[in-house]
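Count the sequence shown with this note's numbering and you get residues 72 to 616, in order.
Glycine included, C-beta positions come from ideal geometry on N, C-alpha and C.
Quick caveat, the model's predicted, so the values are computed rather than measured.
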Amino acid sequence: MWRSPARGWALLAVPCLAILILAPSAAGSPPKTGGQKLPKRLVIGVRGDISSFNLYTATNAFSQDVIDLLDLKLAEEQGDFDQGPPSFRPALATSWKFSSDGLTLTLNLDRKAKWSDGEPVTSADVLFTHRAATSPEVGWVGSDVKETITSMTAPSPHTVLVRFKSVYPYQLMDTVEGNILPFHVYGKVPFNEWSKSAFLDASVGSGPFRLKRYERGALIELERNPEYLRAPLPRLDSVVFRILPDDTALVNELLTGGIDFMENVPVEALPKIRSDPRLSLTRVPDLSYTFISWNTSRPLFSDARVRRALTQAIDRQAIIEGLLPASGRPSSGPILSFMWAYDPSLKPLPYDPEAARKLLREAGWEDRDHDGVLDRDGKPFRFELETNQGSTLRADVVQMVSEQLRGVGIEAVPRTFEFGAFVERHEKHEYDAFVSSWRESTKVDLKSAFHSDSRSGGYNYGLYSNPELDGIVDRARVEKDREAARLLWWQAQQIVARDQPCTFLFERDRINAVPRNLRGLRPTPRSVYAGLEEWFLESQAKGAP
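In structure tokens form, the structure reads like this:
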């Protein structure tokens, strides 16, 4: 599940987030090829398809991964987000400067930047993209990051002026969020038609690659963009994303050579992959957490005592030991443990079935008819616990949670939905509870998932509302002093942890299988595909761009 708009990715500098090699080093000698040059093509296996090649209508994180290879942003995020709001390096913009009062930002566009059809990238493209990002007709899920921008103007084809309501830490980050679109292509479709358009063509872009072929539900093939600003990059001629239905199919294709690269390898497949001389394993903290969302508008979950009881009836450590023994850790709240605003005093609610039973009794839930299921007002504590197809991990989590809740007299009935239907149910708030994962932004901001204003048009699918939290979030989002902001975010985390609108299950590291002779790899919590334009196979090291 995609929550906040993903932002530009770069190599992390801090040791706690460094890439770990779990097999003999990928920097070692490449396998012998009999003197033949290996193809400059990489096949990556993925679990699901893109929803759109247009960021502003996309609905999943993988779409952002692909779009970042096709369309540049104004600037690229660096990997220092554990220390505070991240810094940036130039992309389509070569430089930027704030006015003395901090309310105006001037961006200078790279005069060499071109679209893949040869047209120049200009300020008209930037203004058009901003209009799309803020248009109610488009309804971009990340539009809230633009809400403090009062205007965007262009005094010249290569200059953009951005004006803000106030000074706050994330002004540059919010400005450059979102991939820039070519006005001469997307401007042909009125904004009120965007939600009805599939946008399954990406023939014009500014990134290192351009779309060569797309077969819905099967593959996405990208090829080198000859007009790329940083030519002669990329080093690879092409990248193919093969869409395969589940983990078993992906692992089988990896081991038989049908794909070269697999993200997020399931634990049970690690021994076979370690023994394959063609492959190595890398590990990096994942910018996500897995959770259970409780629909607080349903009577079953409207009481915070009940939600706390549900959390205390779930043995998260047993789930981690059973499903993620080498890579999981309990999650305590809505801000990841390696982010600068994480509250280190916040601990996960302990597994305590007896405390859970006590809270449930206080809320009026008892097994009055002695059938093993709690009841109140003649209705049993029974609900559907949903997840989506294609994830063995989440399906297993649902089964384990269902068994654990049965131990305190609650019946959670597992349900699995196709991913599109899964998301649609949540957007309409037509569910009891579901297991999923948020991919977080490196911008600390709890508004889109936990603020009352986000119950419509945001990610607050469970319709949670707490006016005290709303006020703190509103203040924290604009606080200029980093330490003052940190304290406000700590207060917000404590409130969410107390109310438990979600049960925060676990964070995890991602273990990725890569070709042993792949070079230039620098995955980060933002994405395993960070810096893909610089990836190459060892045989290309000499005489290739």
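Rounded straight-line distance, which links the Cα of residue j to that of residue i
i, j, result
"residue 547", "residue 559", "6 Å"
"residue 597", "residue 358", "6 Å"
"residue 297", "residue 525", "42 Å"
"residue 518", "residue 304", "38 Å"
"residue 384", "residue 544", "29 Å"
"residue 627", "residue 451", "There is no way to answer for residue 627, as the model of the chain reaches only from 72 to 616."
"residue 495", "residue 387", "28 Å"
"residue 167", "residue 378", "47 Å"
"residue 536", "residue 515", "19 Å"
"residue 133", "residue 458", "18 Å"
"residue 625", "residue 191", "For the chain, the structure presents residues 72 to 616; residue 625 sits outside this window and is missing."
"residue 575", "residue 361", "7 Å"
"residue 423", "residue 573", "17 Å"
"residue 332", "residue 276", "25 Å"
"residue 420", "residue 513", "25 Å"
"residue 94", "residue 502", "In this prediction, residue 94 has a pLDDT of 39, which is less than 50 and means its spatial position is unreliable; nothing more can be read from the coordinates."
Those residues which DSSP pairs with residue i across a bridge
i, result
"residue 116", "313, 333"
"residue 190", "In DSSP, residue 190 forms no bridge with anything."
"residue 399", "579"
"residue 546", "According to DSSP, residue 546 bridges with nothing at all."
"residue 482", "453"
"residue 505", "364, 457"
"residue 586", "350"
"residue 161", "146"
"residue 498", "According to DSSP, residue 498 bridges with nothing at all."
Whole-angstrom C-beta distance between residue j and residue i, which should lie under 8 Å
i, j, result
"residue 593", "residue 602", "5 Å"
"residue 176", "residue 233", "4 Å"
"residue 382", "residue 564", "Wrong, their Cβ atoms sit about 15 Å apart, outside the cutoff."
"residue 281", "residue 292", "Going by Cβ atoms, the distance from residue 281 to residue 292 rounds to 10 Å, so no, they are not a contact pair."
"residue 253", "residue 196", "6 Å"
"residue 112", "residue 307", "7 Å"
Helix, strand or coil at residue i according to DSSP, with G and I counted as helix
i, result
"residue 263", "helix"
"residue 372", "helix"
"residue 605", "helix"
"residue 572", "coil"
"residue 379", "helix"
"residue 412", "coil"
"residue 285", "strand"
"residue 33", "A question about residue 33 goes unanswered here, because the residues of the chain that appear run from 72 up to 616."
"residue 429", "helix"
"residue 237", "coil"
"residue 217", "helix"
Range covered by the beta strand (DSSP E) that runs through residue i
i, result
"residue 459", "453-459"
"residue 422", "Unbroken run through residue 422: none, as it is neither H nor E."
"residue 124", "Residue 124 -> no beta strand (DSSP E), and no H or E assigned at all."
"residue 220", "220-227"
"residue 166", "164-169"
"residue 292", "290-295"
Where the alpha helix (DSSP H) containing residue i begins and where it ends
i, result
"residue 179", "First-last for residue 179: 175-180, but that is the beta strand (DSSP E), not the alpha helix (DSSP H)."
"residue 342", "341-345"
"residue 244", "242-247"
"residue 134", "132-141"
"residue 257", "254-257"
"residue 519", "518-521"
"residue 320", "318-327"
Near the ligand NAP: residue i beta-carbon under 7 Å from a heavy atom
i, result
"residue 163", "The ligand NAP is absent from the structure shown, which contains no ligands of any kind."
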